[in-house]
Every structure is written in C-alpha cells, then in structure tokens.
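Reviewing the structure listed below.
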Amino acid sequence: MEQKTTTWIDRFSPDWRAEIETEIKQPYFREMFHFLHQEKLSGKIIYPHAAQVFNAFHLTPFHQIKAVILGQDPYHGYQQAHGLSFSVQPGIALPPSLRNIYQELKEDVGVDRGNNGCLTDWAEQGVLMLNASLTVEQGKAGSHQGIGWHQFTDTVIQKISKDKKGVVFILWGRFAGQKEALIDRQKHHILKSPHPSPFSAHNGFFGSRPFSKTNTFLEQEGLNPICW
C-alpha cells in the first residue's frame, strides 16, 4: 500500500505536502488507504475518482488560500464529485444545495453562473473547497465519515488557522459550524449560516450574503476579492 498512498499524495501541491507531511505518516492515514483499497477490491464504487480525491489541495496551494468553504461529504451520485465541496463536474445537473447557493450568489453579488456547477475557478482563486470526508461509497451518504478523514481534515483546518492570517471561513450548516472550535477567531473571519440544503436554506441561508461579505473581509486584509 506504500506505493499506492504515495501516488495519491502526489496530488498535493508542494507547499501542502510540506504542511501535512507529518500527518500523512500517521498510522491512521495508511490504514485509511488500506481500507479504501480493500473496498475497491471488493467491487464497491468509491467517489470521487482516486486522481481527484485531493483536488482541493492541488487547485488551491496553501500559500494562496483566502477563504475556505467547508462541506461534509462528496456527492455520492454518478460522475458528480470531483474533489471540491459543493462542486460538480462539467455537464452534471446542479444538485439542490448548489442550486440554492447559485440563487444566493445572484441575489448577493449579481452573478449568474447558469447551469455550470463546476467551481474550479473559485478554487484557483484561493477558495479551498474542502469536504470533511474526502471519499464516499456510491449511493451511501456519510459512509466514510468514520474511517479517518475527519481527523485529517480537522488537522488541515487547524494548520490553516495556525499558520495563516485573515482567512475567511464559510461554515454552512450545523456540521460545518462545529468546526468553528478549530479556528482562531482573533486571526481569521468566520461566516456562519444555515446549510443551503432545501431543508434549511429558507431558515437563514438565503439573505446571508456570504459572497459579498467574504470580499469585504478580503479587501480589509489588502487582498483581491474573489470573482464569484
């Protein structure tokens, strides 16, 4: 499994590899990859594709992070997930939560992204699109929450909090809101609201204006705003 794990780690940008080098040598991390390997050998379908699991860390190098949008799990439907929270691959229909995100985006800053649900351009501008779990079994939401991903991504959040300054953390929903405890509020900005899911979007997500608020914070930090 050593070679397999190393191949996946190569998806990280060089500065990310330096940040998480100690973490990826921990026993739980190798055990996690062994589990994923065994699941695939048993015939289970895992999303996203192995080459895309660490897409967020490839597209948004550590030194470029301006904001973090935290999700819970990758999408578990065919060809949806590609390693960025809330984003779907080009040509895939918008999931309900992303459709609501786009509605708020248009109301907030006047941007209409149409039916293109791929958020790679956000990632390339410094928005780390991070899911708490980076893999999921097809058709089984939350199926990989207990295999070690949360330990890894909690460490990632803590490293951003410790080693950077002025990052905007966008926490949608109760699950993401719990990660606030990992973030130094004296150094960073936190935007919390209900989740954009159809079950909760009308309870405070709509009207929360996260996109304009993020850009206001970034400008206060002397950084270029995000072109949403």
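Numbering (the working numbering), first residue to last: 33 to 260.
For every residue, glycine included, the Cβ atom is placed at its ideal position computed from N, Cα and C.
Cβ-heavy atom distance, residue i to the ligand ADP, below 7 Å
i, result
"Asn147", "Inclusion of the ligand ADP in the displayed structure is not the case, the ligand content being empty and no account of it being possible."
Boundaries (first-last residue) of the alpha helix (DSSP H) holding residue i
i, result
"Asn247", "Pro242 to Gln252"
"Gly239", "Gly239 -> no alpha helix (DSSP H), and no H or E assigned at all."
"Val141", "Pro128 to Val141"
"Leu68", "Pro59 to Leu73"
"Val159", "Taken as a continuous stretch (DSSP letters only), Val159 belongs to no alpha helix (DSSP H), being part of the beta strand (DSSP E) at Val159 to Asn163."
"Phe94", "Taken as a continuous stretch (DSSP letters only), Phe94 belongs to no alpha helix (DSSP H), as it is neither H nor E."
"Ser193", "Trp181 to Asp195"
"Ile215", "Looking at the DSSP string, Ile215 is not in any alpha helix (DSSP H), and its letter there is neither H nor E."
"Thr54", "Taken as a continuous stretch (DSSP letters only), Thr54 belongs to no alpha helix (DSSP H), as it is neither H nor E."
"Trp260", "Unbroken run through Trp260: none, as it is neither H nor E."
"Asp153", "Thr152 to Glu156"
Residues bridged to residue i (per DSSP)
i, result
"Phe201", "Val100 and Ile222"
"Tyr107", "According to DSSP, which records beta bridges pairwise, Tyr107 is partnered with nothing at all."
"Glu169", "Ile78 and Lys172"
Burial state of residue i, where buried means 16 or more other Cβ atoms lie within 10 Å
i, result
"Met33", "Residue confidence for Met33 is low, a pLDDT of 37 falling below 50, so the modelled location carries little weight; the figure read from the coordinates is stated next. Answer is exposed; the Cβ neighbour count stays below 16."
"His234", "exposed"
"Glu51", "buried"
"Ala155", "buried"
"His227", "buried"
"His81", "exposed"
"Asn87", "buried"
"Asp140", "buried"
"Tyr110", "exposed"
"Pro106", "buried"
"Ile78", "buried"
"Gly75", "exposed"
"Pro242", "buried"
"Leu166", "buried"
"Asn147", "exposed"
"Lys98", "buried"
"Glu53", "exposed"
"Phe249", "buried"
"Lys211", "buried"
Own chain residues within Cβ distance below 6 Å of residue i, not counting five before or after
i, result
"Lys138", "Asp144"
"Val120", "Gln112 and Gly149"
"Gln104", "Ala164 and Phe207"
"Tyr134", "Arg145"
"Gly209", "Leu203 and Lys224"
"Lys197", "Lys219"
"Ser240", "Ser225"
"Glu253", "Gly198"
"Arg49", "none"
"Val200", "Ala99, His221, Thr246 and Phe249"
Contacts around residue i, its chain only, beta-carbon distance under 7 Å, and the 5 residues preceding and following it disregarded
i, result
"Trp90", "According to the sequence as given, residue 90 is His; it is not Trp. For His90, where only same-chain residues beyond five positions count, the Cβ hits under 7 Å are Arg43, Phe44 and Ser45."
"Cys259", "Gln157"
"Glu251", "Pro257"
Residue i - containing beta strand (DSSP E), residue span
i, result
"Leu116", "Note, Leu116: premise wrong, no beta strand (DSSP E); not H, not E."
Neighbourhood of residue i by C-beta, 8 Å cutoff - its chain only, sequence neighbours within 5 removed
i, result
"Met214", "What sits at residue 214 in the sequence shown is Leu, not Met. Closer than 8 Å at Cβ, skipping near neighbours: Asp186, Ile189, Gln190 and Ser193."
"Leu130", "Phe118, Ser119, Val120, Gly149 and Pro228"
"Phe238", "Asn132, Gln135, Glu136 and Glu139"
Tell me, please, whether the region 60 to 70 touches the region 91 to 101 by the rule of three or more beta-carbon pairs shorter than 8 Å.
Not touching, per the Cβ criterion.
Across the region 198 to 214 and the region 174 to 184, are there enough close Cβ pairs to call them in contact, namely three or more that are closer than 8 Å?
Touching, no.
Taking three-plus beta-carbon pairs below 8 Å as touching, is the region 68 to 78 in contact with the region 123 to 141?
Taking a cut-off of 8 Å for Cβ pairs, the region 68 to 78 and the region 123 to 141 do not touch, as fewer than three such pairs fall below it.
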